[in-house]
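Protein chains in written order, with this note's numbering: chain A, 1 to 392; chain B, 1001 to 1392.
We put the beta carbon where it would ideally sit given N, CA and C, even for glycine.
Predicted model only: the values in this text are computed from it and were never measured.
A short write-up of the structure that comes next.
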């Protein structure tokens, strides 16, 4: 047998041939806006060899993940599956599949992630309109009705749990409003899934997305997505192809549906992790999970109050998963955050956009929503404030 | 403190609350078209808690991964980083960032993944032209010159190692041709990176992409991407925004570049794995790695010949990483494949598209490119053929 040499004709460049030590990472308590810590059982589930993305054993796993995701979201949507990317990919998937050039898209913006929806909707040729509210507030049903009546959108996109502000948007009546005006409803549940009540079907949500690394306590890299039959109908009536191959549900449903046609090589180990994360959720049960997040949030808020710290969001709209805390006058938010990270191995978040420097964001989610972790954070906050950390 | 109840007003639907056992997966020897097995050191590196995607320790890790990827591809491209998705996302990133509506895009199609490039280029509004060759053959330089001269494309996209056929495209002279005609060159190195010589800079490749789960021996879910300054120049001169938020390099480079601006929540544990995979590559060295893949491929081919099996691709264009083997007359390719999977825990691939039923695809990549694994496969092939497995 002859074999034409594949040996290089060029000298190798060794500039970037780093000689590195084995990976070492500090053990952080992740109490920022995400990622949150993974449950040890999830990490353990990922600790094995991948198998093929069309292996019958993997197809069985896909079925399980789809079903458990339906439980988590309280939906019967067949097209409920994880997108092979991080939360923003799942966000983009909702718009990519529904927006055709020229479609009026109304985005309700009350924080950073509302603005991201606007940016994405533009990229798919949407005729994008916005209704805006102060960062830290919510939309009322009459405000939304007025905006929908004025713009007559084909799609309304909004955020359930705004990660940038810590606000929980009440959803009662919004789905009905969208049906009345024949409009699809997209909901961002990135910081609510697995922690805060969500009823996708009862609320008449047409498309929803989330992430793995917050309430579900799985590392980031795979992201829940759900699409109603009503949304699929609009997809099927498109006259233009979905302007995104990777996130095109008309291709993805052949892989996640009965045909099992190859689309992409699935993120196999991330799917192992997500299955375990969802299994943990099903074991605990949604009601117990919601209750746990509620009581640990109340514990946090009481503790913050004792320290003389003020929450930005009124208690009736406050997210149990993510609390925005006003930075006291005279303290450098970022320096204080870095101190917690470096001296105490605790990560908290800082403000985004207009809230930069003004708030800290404290996430108590999933595997971190336990009294002892809240206590640990409160003790470190108390100590650092007393020491005058970050004082300008 | 008062707290408005977040308790559900709706009864929980328990339909999909599955009660599952802990995850169990068979230990497969993955010798198909990918994923290939991960190196145990890679899996071990992933087996830890995530940290924040803006943590200083994580930013350091990002730097290391970028540099090691430059070594792997032999490039000095600053914008060399992993895309937070699987290989097809990195493929789409090359086109999304370079193609503006109306741009002539020439795709050299000689297999399934060339066709995928055509599909994607259409979605970005490209005026897509193709030059086609039989599946299993390569393009000659004169053929490419003729096509470029005829179509005058802004972008030429082609596949280095066609995973659907097992062909290695000779790259000598193609980069110069593209410079001569002022055209960007995109190269698919999904099945060549880390296994077969690639010299991105010497070959004057403007954009390249790959995957983690083949030659790099990391699970799927994160995918190398590189973009030259010449390609960035075209990006900077765009008059339309990149029609894909998640893969927009003008946003991503603020995260991977000096600014470290938040874009998406990185797939942290996958990045741990990729760092270890690249560290393994740097330890072994590219030349030794290439040599190992070449000698184990030769071993496989000799063994197949002894069994009376015929390779589809002439030896001078045959990929060392992926070998397409003609299915002998009278054997059901799929039934034979399933037998290997179920009875021997070995995965091999079947043909895609026009090659369905006609070939098997045998991948000997990364952590599987060792003599004892080739021997194990050959022994199982010999036994199964002798038993008449899959005979129609």
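Taking 7 Å as the threshold, the shortest C-beta distance from residue 1088/B to chain A falls below it.
In the DSSP assignment, the residues bridged to residue 1326/B are 1359/B.
Between the beta-carbon of residue 1194/B and that of residue 1289/B there is about 6 Å, and that keeps the pair under the 8 Å contact cut. Taking residue 119/A as the centre and dropping the five residues before and after it, the same chain places no C-beta closer than 7 Å to its C-beta. Contacts with chain B (Cβ-Cβ distance below 9 Å) from the stretch 255-267 of chain A involve 262, 263, 264, 265, 266 and 267, listed in chain order. Under the DSSP definition of a beta bridge, residue 1168/B partners with 1161/B.
Chain B has no Cβ within less than 7 Å of the Cβ of residue 73/A. For residue 67/A, the closest Cβ of chain B is nearer than 7 Å. Of the candidates 10/A, 36/A and 95/A, 95/A places its Cα closest to the Cα of residue 1245/B.
Restricted to the stretch 214-275 of chain A, the alpha helix (DSSP H) segments that are unbroken, complete and at least 4 residues in length are 229-236 and 249-256, listed in chain order. Think of a sphere of 7 Å around the beta carbon of residue 17/A: the chain B residues whose beta carbon falls inside it are 1071 and 1282, in chain order.
Note that the stretch 126-145 of chain A does not touch the stretch 272-279 of chain A; fewer than 3 beta-carbon pairs, one per stretch, sit closer than 8 Å. Here DSSP, grouped into helix, strand and coil, assigns residue 138/A to coil.
By the CB criterion at 7 Å, residue 1337/B and residue 1320/B fall outside the cutoff. Legend: CB atoms of the stretch 1217-1233 of chain B lying less than 7 Å from CB atoms of chain A belong to residues 1219, 1220 and 1221. A direct Cα-Cα distance of roughly 46 Å separates residue 212/A from residue 1309/B.
Under the three-state reduction of DSSP, residue 1312/B is assigned to coil, being neither helix nor strand. Fully enclosed alpha helix (DSSP H) runs of no fewer than 4 residues occupy 1087-1098 of the stretch 1085-1112 of chain B, in order along the chain.
When secondary structure is reduced to three states using DSSP, residue 120/A falls in the helix class. Here the C-alpha atom of residue 1062/B lies approximately 19 Å from the C-alpha atom of residue 341/A. Under the three-pair Cβ rule at 8 Å, the stretch 69-82 of chain A does not count as touching the stretch 1021-1029 of chain B.
Straight across, the Cα-Cα distance linking residue 219/A with residue 1196/B is about 32 Å.
Per DSSP, the beta-bridge partners of residue 1350/B are 1360/B.
Distances from the CA of residue 87/A to each of 184/A, 149/A and 223/A were compared; the closest alpha carbon is that of 223/A. By the Cβ neighbour-count rule, residue 1314/B is exposed, with fewer than 16 other Cβ atoms within 10 Å of its own. Close to residue 270/A, with beta-carbon spacing below 9 Å, are these residues of chain B in chain order: 1219, 1220, 1221, 1267, 1269 and 1270. Taking all protein chains shown into account, residue 116/A has 16 or more neighbouring C-beta atoms within 10 Å of its C-beta and is therefore buried. Exclusion of the five residues before and after residue 1176/B leaves 1204 as the residues of its chain whose Cβ lies within less than 8 Å of its Cβ.
For the 7 Å CB-CB criterion, residue 344/A and residue 380/A form a contact. Less than 7 Å divides the Cβ of residue 31/A from the Cβ of residue 348/A.
Straight through space, the alpha carbons of residue 67/A and residue 326/A are spaced by roughly 40 Å.
Residue 1152/B: not part of any alpha helix (DSSP H); DSSP gives it neither H nor E.
Annotation: the continuous alpha helix (DSSP H) that includes residue 371/A extends over 371-387. Neighbours of residue 1245/B in chain A, taken as residues at a C-beta separation under 8 Å, are given in chain order as 88, 92, 116, 119, 120 and 123. Using a Cβ-Cβ cut-off of 7 Å, residue 38/A is close to 1049 and 1050 of chain B, given in chain order.
If the five residues before and after residue 1390/B are omitted, its C-beta is found closer than 6 Å to the C-beta atoms of 1331, 1332, 1335 and 1336, all from its own chain and listed in chain order.
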